[in-house]
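Novice: Counting the sequence shown from 1 gives a position; this note's numbering is that position plus 7.
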Amino acid sequence: MTRKLVGAVFFGACLLVATGAQAQSCLKVTLTGTQGGPPVFKGQAGAGTLVQFGSAETKCNDIRLQFDTGRGTTQRLSQAGVPVGQLDAVFLTHLHSDHTEGLADMMQLRWHFNSGGPKVDLVCSEETKSPLGFSLSCARFAKHIGDSLIQSGEIAQRLAENKKRLPGGPAELIVVKDFKPEDEAQKVWSKGDVSVSAIRSTHIAGHASYRVDTPAGSVVIGGDAGNDMRKPPRKTSTSDQVEKLAAGADIVVHSTIHPVMGPDGGTGFPPPIFFRQSNATDLGHLAKRAGAKHLMLTHLIPPVGAPRQGPYKLPDGALSEDDYRDAVSKSGFEGETTVGQDLASVMLTSSN
Ligand SMILES: [Zn+2]
């Protein structure tokens, strides 16, 4: 099998390079949202990554997987040419709203127009109990995804005008496939030639990172993973488990914090929140050690061009794309780095 990295292309202007007459498959990775954390800056969508696999004939569009569903995911998917009703599965790295709040919108839309199915798999961690007395539950999140619309009466009203819709509302279209995240990768989903594995990673309880393997290549989606050692002294801010998952992967997509947000940067950003993210330089080291060809930085804290991250002002002004590139280049990573913008994408092709 030969594999070809086509490279970073922006706003959907993808070029599929033909390498011969043999059947060709392709893997396309698109950032559907690059906002870091709960703030919003200049219309950026919340965290999410679309992974598509297919052939040249179908323009990589036989299997469509969405990893995290931040604010505005529906809009970005429509720009990427993927209607919500066509997603095969949704994967959640963790239950923070900046990674999940777009799902209610997505599922209501799917219920409205695609109640006849197919249902969508929601792959996520099983319920995680905290010693602080609460628990995080993806299954509960899914079960109640349409509750405000049921309570308002809208679901009943729309059912009255179209009885083919599912009576339970949007939740009835979700099939929860939860798993217990472990320190070793486990297969959590597959279809045809595409297989998805997951590994435990640290951020909040129940955080998981994913890897998609296809005949055209592989991609790891780290989410907000950080090191199990939650603050220095430690050898890196990145997750050892994500590094294990990323070994030999072609593309690493990862949430990124710039070192300027650290305790010495003068922003006042809370150190525990800084330390639970992976910083740009350490991500370069991880990508280099894993042998990845492409590092896609997303969920940027702070966003490029933003004078502040939420209430935390940057004393020396907004960061540029080069500030992120410079932070990565300190690692010696020689692959391609994408400083994430919404709809940035990378495509891999292979002939087999
Ligand atoms: Zn986040």
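Glycine residues also receive a C-beta, built at the ideal position from the N, C-alpha and C atoms.
Quick caveat: nothing in here was measured; it's all calculated off a predicted structure.
Quick check: what's the CA-CA separation for Gly342 versus Cys33?
Specialist: About 20 Å.
Novice: Using the Cβ count rule (16 or more neighbours within 10 Å means buried), how would you classify Gln164?
Specialist: The residue is exposed, with fewer than 16 neighbouring Cβ atoms inside 10 Å.
Novice: Have a look at Ala63 and Tyr319 and give me their C-alpha separation to the nearest angstrom.
Specialist: C-alpha separation (whole angstroms): 46 Å.
Novice: Secondary structure at His101, three-state DSSP: helix, strand or coil?
Specialist: The answer is coil: DSSP assigns His101 none of H, G, I, E or B.
Novice: What first and last residue would you give for the alpha helix (DSSP H) that runs through Met114?
Specialist: Here the alpha helix (DSSP H) through Met114 covers Leu110 to Asn121.
Novice: Using a Cβ-Cβ cut-off of 8 Å (strictly less than) and excluding sequence neighbours within five positions of Pro322, which residues of its own chain qualify?
Specialist: Gly272, Gly273 and Thr274, listed in sequence order.
Novice: Under 7 Å from any heavy atom of ligand 1, by CB: list those residues in chain order, please.
Specialist: This selection yields Gly43, Gly44, Ala54, His103, Asp105, His106, Asp231, Ser262 and His306.
Novice: Give me the Cα-Cα distance between Ser104 and Gly77, rounded to the nearest whole angstrom.
Specialist: Going from the Cα of Ser104 to the Cα of Gly77 covers about 7 Å.
Novice: Just how far apart, CA to CA, sit Gly233 and Gln158?
Specialist: Rounded to whole angstroms, Gly233 to Gln158 spans 38 Å at the Cα level.
Novice: If distances are taken between C-alpha atoms only, which option among Ile258, Lys187, Pro309 and Leu326 comes closest to Thr6?
Specialist: Residue 6 is absent from the structure shown; the chain starts at 8 and stops at 359.
Novice: Determine the DSSP secondary structure at Cys67, reduced to helix, strand or coil.
Specialist: Coil at Cys67, not helix or strand.
Novice: Compute the Euclidean distance between the alpha carbons of Gly298 and Gly324, then round it to the nearest angstrom.
Specialist: Roughly 34 Å separates the two Cα atoms.
Novice: Find out if the Cβ-Cβ distance for the pair Gly61, Asp69 is shorter than 8 Å.
Specialist: Taking 8 Å as the Cβ cut-off, Gly61 and Asp69 qualify as a contacting pair.
Novice: Put Arg283 into one of helix, strand or coil per three-state DSSP.
Specialist: Of the three classes helix, strand and coil, the one that applies to Arg283 here is coil, per DSSP.
Novice: Below 8 Å on the Cβ atoms is my contact criterion, and I expect Val195 with Ala205 to pass it. Report the Cβ-Cβ distance as a whole number of Å.
Specialist: Rounded, the Cβ-Cβ distance is 5 Å, consistent with contact.
Novice: Can you tell me the Cα-Cα spacing of Gly176 and Trp118, whole angstroms?
Specialist: Using only the alpha carbons, I get a separation of about 7 Å.
Novice: Output the distance between the C-alpha atoms of Thr288 and Asp333, rounded to the nearest integer angstrom.
Specialist: Thr288 and Asp333: Cα-Cα distance of roughly 8 Å.
Novice: Between Met268, Leu102, Phe276 and Ser216, which has its C-alpha nearest Val260's C-alpha?
Specialist: Ranking the options by Cα distance to Val260, first place goes to Ser216.
Novice: Count the CB pairs spanning the segment 143-159 and the segment 78-98 that are closer than 8 Å, and state whether there are at least three.
Specialist: With a cut-off of 8 Å, the segment 78-98 and the segment 143-159 do not count as touching, because too few Cβ pairs lie within range.
Novice: Alpha carbons only, please: which of Cys67, Ser336 and Ser352 is nearest the one belonging to Val201?
Specialist: Ranking the options by Cα distance to Val201, first place goes to Cys67.
Novice: By the DSSP assignment, the beta strand (DSSP E) with Ser85 in it spans what residues?
Specialist: Element bounds for Ser85: not the beta strand (DSSP E) but the alpha helix (DSSP H), Thr80 to Gln86.
Novice: Taking the C-alpha atoms as reference points, what is the distance between Gln248 and Ile228?
Specialist: Distance between the alpha carbons of Gln248 and Ile228: 12 Å.
Novice: Got a sec, what are the start and stop residues for the alpha helix (DSSP H) Asp149 sits in?
Specialist: Contrary to the premise, residue 149 reads as Ala rather than Asp in this sequence. It spans Cys145 to Lys150 - the alpha helix (DSSP H) in which Ala149 sits, taken as one unbroken run.
Novice: Name the DSSP bridge partner or partners of Thr345?
Specialist: For Thr345, which the question treats as bridged, DSSP gives the partners Met303.
Novice: Quick one: residues in its chain with C-beta nearer than 7 Å to the C-beta of Ala256, no 5 flanking neighbours on either side, listed in chain order?
Specialist: Answer for Ala256: Arg218, Ser225, Val226, Val227, Ala297 and Ala299, listed in chain order.
Novice: Could you spell out where the alpha helix (DSSP H) holding Val249 opens and where it closes?
Specialist: Segment Asp247 to Ala253, the alpha helix (DSSP H) holding Val249.
Novice: Taking just the CA atoms, how far does Asp75 sit from Ala54?
Specialist: Going from the Cα of Ala54 to the Cα of Asp75 covers about 6 Å.
Novice: Assign Leu326 to one of two classes, buried (16 or more other C-beta atoms within 10 Å of its C-beta) or exposed (fewer than that).
Specialist: So Leu326 counts as buried.
Novice: Distance check for Ala294 and Ala253, CA to CA, integer angstroms please.
Specialist: Spanning the two alpha carbons is a distance of roughly 8 Å.
Novice: Between the alpha carbons of Ala87 and Gln31, how many angstroms are there, rounded?
Specialist: Cα to Cα, the separation comes out at about 21 Å.
Novice: If the criterion is Cβ atoms closer than 8 Å, does the pair Leu116 and Val91 meet it?
Specialist: Yes, Cβ-Cβ distance for Leu116 and Val91 is below 8 Å.
Novice: Tell me, which residues are paired with Val311 by DSSP?
Specialist: Looking at the DSSP assignment, Val311 forms no beta bridge with any residue, so it has no partner.
Novice: Would you tell me roughly how many angstroms separate the C-alpha atoms of Lys171 and Ser122, rounded to the nearest one?
Specialist: Rounded to whole angstroms, Lys171 to Ser122 spans 7 Å at the Cα level.
Novice: Using the DSSP secondary-structure output, state which residues sit across from Ser336 in a beta bridge.
Specialist: Looking at the DSSP assignment, Ser336 forms no beta bridge with any residue, so it has no partner.
Novice: Can you tell me whether Leu139 is buried or exposed, with buried defined as 16 or more other CB within 10 angstroms of its CB?
Specialist: Flag for Leu139 reads exposed.
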